[in-house]
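A short write-up of the structure that comes next.
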Amino acid sequence: MIAPNGQLRVFVATRPVDFRKGMDGLALAVQEILGLDPFSGAAFVFRSKRADRVKVLVWDRTGLVLVHKRLEGTKFVWPQVKDGVMKLSPAQFSALIEGLDWRMVRPEAERRPQAAG
Numbered sequence: 001m002i003a004p005n006g007q008l009r010v011f012v013a014t015r016p017v018d019f020r021k022g023m024d025g026l027a028l029a030v031q032e033i034l035g036l037d038p039f040s041g042a043a044f045v046f047r048s049k050r051a052d053r054v055k056v057l058v059w060d061r062t063g064l065v066l067v068h069k070r071l072e073g074t075k076f077v078w079p080q081v082k083d084g085v086m087k088l089s090p091a092q093f094s095a096l097i098e099g100l101d102w103r104m105v106r107p108e109a110e111r112r113p114q115a116a117g
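Numbering of the sequence shown is given in the working numbering, commencing with residue 1 and proceeding in unit increments.
Structure, rendered in structure tokens:
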């Protein structure tokens, strides 16, 4: 599975995609629809029309990785359907993949100390 560490950038396509698409089709969608680089190392999340399935595409520096998950008896929580892309924090991504309401996860703002000691 994709390890959602603090460095992982996660982008969500807000409009459902054709779930017959594989790695190449989704990589092309990242370029043409989202306007992003599918080989940047970021995770790109796509949803199905029924909202019970998710596909995640990631370049791991050796090849494309495609993860497909289907929830049984429930649906993923998604942003409103519209054109565009939105960014999630790694914690929000973890909640989304677990089938939880990722909107309830609020990343803490980083606070830099004023002085050492």
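Cβ coordinates follow ideal geometry from the N, Cα and C atoms, glycine included.
Suppose you measure from the CA of Val17 to the CA of Met104; what does that come to, to the nearest Å? 25 Å
From which residue to which residue does the beta strand (DSSP E) around Leu26 run? Judged by DSSP secondary structure, Leu26 falls outside any beta strand (DSSP E) and instead within the alpha helix (DSSP H) spanning 23–29.
Assign Pro113 to buried or exposed, taking buried as 16 or more other Cβ atoms, counted over all protein chains shown, within 10 Å of its Cβ. exposed
Whole angstroms is fine: what's the gap from Gln31's alpha carbon to Ala115's? For Gln31 and Ala115, the distance between alpha carbons rounds to 44 Å.
Cβ neighbour criterion (16 or more within 10 Å) applied to Phe93: buried
Residue environment, Leu28, which counts as buried when at least 16 other CB atoms sit within 10 Å: exposed
Measure the C-alpha to C-alpha separation of Leu66 and Ala42 and round it to an integer number of angstroms. 12 Å
CB Lys87 to CB Phe39, shorter than 8 Å? no
Comparing alpha-carbon positions, which option in Trp59, Arg70, Pro90, Val77 lies nearest Met23? Residue Trp59 is the option with its Cα nearest to Met23.
Using beta-carbon positions only, say whether Leu57 and Phe76 come within less than 8 Å of one another. no
Please go through the same chain and pick out, in chain order, the residues whose beta-carbon is closer than 6 Å to the beta-carbon of Leu96, but skip the five residues on each side of it. Trp102
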